[in-house]
Structures are given as C-alpha cells and as structure tokens.
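The working numbering numbers the first residue of the sequence shown as 150 and each following residue consecutively. Working notes, structure below.
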Amino acid sequence: MPYVASPSYCDDAQAREANLIQCLLPAKRFLDETSHASETERIANLVASAVSAGWEEDEVRKALNATNAHSR
150 MPYVASPSYC
160 DDAQAREANL
170 IQCLLPAKRF
180 LDETSHASET
190 ERIANLVASA
200 VSAGWEEDEV
210 RKALNATNAH
220 SR
C-alpha cells in the first residue's frame, strides 16, 4: 500500500482539498510508475491508504477525479 500523509490542520475546505492533493500526488505518481495493477486497483489502494491516514473517502475520490481530469 502506498504512503499517503495524514491531513494537516486546515481552516477551510479549499485548503484541506489542496493539502489532500499535495499528499495524494506523490503516492499516485509512485503507483503509476511502479505498479503493474490496473488503474482501478491503483485507485483502490490510494483510497485505502488515504482513509487509513485520516482522510474521508468521499473527499479522496473527489480529489482523484479532479487530478485525473487535469492530467487529460
């Protein structure tokens, strides 16, 4: 399972979302470069790692969708 950092204290939703993306991107990049798993499995691993680090599943999925939309 990739490492995703725990959330920093954030006063507002935008700051929390930015912090989440900052924590997710290195783990996503690592999995994209090293994992032979399918995209669905890599996303499931990222979500599980982020949730265990203290993030909410719905915000993780939303952030992943946003980062995937920007990378297309």
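Think of the CB as a built atom: it goes at the ideal place given N, C-alpha and C, for glycine as much as any other residue.
Apply the 10 Å Cβ neighbour rule to ARG191 and answer buried if 16 or more other Cβ atoms are within range, or exposed otherwise. Per the 10 Å Cβ criterion, buried.
For GLU182, which residues in the same chain have their Cβ closer than 8 Å to its Cβ, ignoring the five residues on either side in sequence? Answer for GLU182: no residue qualifies.
Assuming LEU180 and VAL153 form a contact by the criterion Cβ under 8 Å, report the distance between their Cβ atoms to the nearest whole angstrom. That belief does not hold up - the Cβ atoms of LEU180 and VAL153 are roughly 11 Å apart, past 8 Å.
Quick test of your reading: ASN168 and SER157, contact by CB under 8 Å. State the CB separation rounded to the nearest angstrom. So it is a contact: roughly 5 Å between Cβ atoms.
Please list, in chain order, all residues of the same chain as ARG165 whose beta carbon is under 6 Å from its beta carbon, the five residues on each side excluded. Same-chain partners within the cutoff: CYS159.
I need the DSSP call for CYS159, collapsed to helix, strand or coil. In the structure shown, CYS159 sits in coil (DSSP, three-state: anything other than H, G, I, E or B).
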